[in-house]
Amino acid sequence: QYRVGQLYTISKHSHQESEKGEGVEVVKNEPHEDPVHGPGQFTEKRVHLSSKLPSWARAVTPRIFYITEKAWNYYPYTITADSRSLQCSFLPKFSIYIETKYEDNCGDSENIFHSDKILGDHEVSFLDIAFDEIPERYYRSLEDPRFFSSAKTGRGPLREGWRQHTKPIMCSYKLVSVKFEVWGLQTRVEQFVHKVIRDILLIGHRQAFAWVDEWCGMTMEEVRRYEQETQEATN
Numbered sequence: 005q006y007r008v009g010q011l012y013t014i015s016k017h018s019h020q021e022s023e024k025g026e027g028v029e030v031v032k033n034e035p036h037e038d039p040v041h042g043p044g045q046f047t048e049k050r051v052h053l054s055s056k057l058p059s060w061a062r063a064v065t066p067r068i069f070y071i072t073e074k075a076w077n078y079y080p081y082t083i084t085a086d087s088r089s090l091q092c093s094f095l096p097k098f099s100i101y102i103e104t105k106y107e108d109n110c111g112d113s114e115n116i117f118h119s120d121k122i123l124g125d126h127e128v129s130f131l132d133i134a135f136d137e138i139p140e141r142y143y144r145s146l147e148d149p150r151f152f153s154s155a156k157t158g159r160g161p162l163r164e165g166w167r168q169h170t171k172p173i174m175c176s177y178k179l180v181s182v183k184f185e186v187w188g189l190q191t192r193v194e195q196f197v198h199k200v201i202r203d204i205l206l207i208g209h210r211q212a213f214a215w216v217d218e219w220c221g222m223t224m225e226e227v228r229r230y231e232q233e234t235q236e237a238t239n
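Under our numbering, the first residue of the sequence shown carries the number 5, and numbering increases by one thereafter.
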């Protein structure tokens, strides 16, 4: 169910954000075979961000600004970018790496990645889609898991302690690395990007939960068709 809900939510959210020439432009979306992970899907997108940057960042970026995102989805394992593939349109020393694993638990798996990319200091952060704060401009009462109740599944609203007693439940584990090797801006930019990624993950999963009645029951063929339709409308 999560796989369908994830694809549906990404497509709908991208379409909603694509206004006034900004949002998400899908360059490629095609099947891909990996010798280790098996069959999956490769996507390449341009995420246009100019109007969404803070004032201090807009002062040093071009008027037309986007990030190229490449992702390999071998659910329940995905890679979004590597050191060469998620890059800014004008900053070659900027990169983001996101590795994802999905497990049917409440987030209690330790050291799930066993990755050599975990170097030096790192922070483990738990995200609660119901009770963690999101930026006020993104808040929608209809997408608040504390108040939403699904007519189709009976899920929700989510109460305090929901992670310990809610069934079914699953966790999306993310390993996020950000590099911005520009003297004088490195720490500020890297902290800002981590904050943006956290907000995106919170908002996206809140929407997936609140939109469950829209995607629940869809087959993979149906959600891929919906993905294609929204892609054509977005581009």
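Quick reminder that beta carbons are idealized off the backbone N, C-alpha and C, glycines included.
Remember, it's a predicted structure, so these values are computed and weren't measured experimentally.
Tell me where the alpha helix (DSSP H) around residue i begins and ends.
i, result
"Ser206", "According to the sequence as given, residue 206 is Leu; it is not Ser. Note, Leu206: alpha helix (DSSP H), Gln190 to Ala214."
"Thr13", "Tyr6 to Glu21"
"Ala237", "Met224 to Thr238"
Indicate the three-state DSSP secondary structure (helix, strand or coil) for residue i in the structure shown.
i, result
"Gln45", "strand"
"Arg150", "coil"
"Lys171", "coil"
"Asp86", "Because Asp86 carries a pLDDT of 47, less than 50, the predicted location of this residue cannot be relied on, and the following value inherits that uncertainty. Correct three-state label for Asp86: coil."
"Tyr243", "In the structure as shown, the chain begins at 5 and stops at 239. Residue 243 is therefore absent and cannot be evaluated."
"Glu218", "helix"
"Trp187", "coil"
"Pro35", "strand"
Where residue i and residue j are concerned, what is the direct C-alpha to C-alpha distance, given to the nearest angstrom?
i, j, result
"Phe213", "Ile207", "10 Å"
"Ser145", "His169", "24 Å"
"Glu236", "Gly111", "36 Å"
"Arg4", "Tyr79", "In the structure as shown, the chain starts at 5 and stops at 239, and residue 4 therefore has no counterpart that could be examined."
"Val227", "Tyr12", "6 Å"
"Lys156", "Ser129", "32 Å"
"Gly9", "Glu225", "13 Å"
"His126", "Phe117", "13 Å"
"Asp136", "Gly165", "13 Å"
"Lys199", "Val180", "11 Å"
"Ile14", "Tyr143", "17 Å"
"Glu21", "Asp132", "23 Å"
"Val51", "Asn115", "30 Å"
"Ser113", "Glu231", "31 Å"
"Met222", "Lys16", "14 Å"
"Lys32", "His41", "20 Å"
"Glu103", "Asn77", "10 Å"
"Arg163", "Phe151", "9 Å"
"Ser18", "Thr238", "7 Å"
"Gly44", "Lys105", "14 Å"
"Ile83", "Gly158", "32 Å"
Taking the beta strand (DSSP E) that residue i falls in, what are its first and last residues?
i, result
"Leu179", "Cys175 to Phe184"
"Ser99", "Phe98 to Glu107"
Hey, residue i and residue j are a contact pair by Cβ (cut 8 Å); roughly how many whole angstroms apart?
i, j, result
"Met174", "Glu107", "7 Å"
"Pro172", "Arg210", "At roughly 18 Å, the Cβ-Cβ gap does not stay under 8 Å, so Pro172 and Arg210 are not in contact."
"Glu34", "Phe46", "6 Å"
Given a cut-off of 8 Å, decide if residue j and residue i are closer than it, judged by their beta-carbon atoms.
i, j, result
"Tyr101", "Ala85", "yes"
"Asp203", "Pro139", "yes"
"Ser176", "Val216", "no"
"Val197", "Val186", "no"
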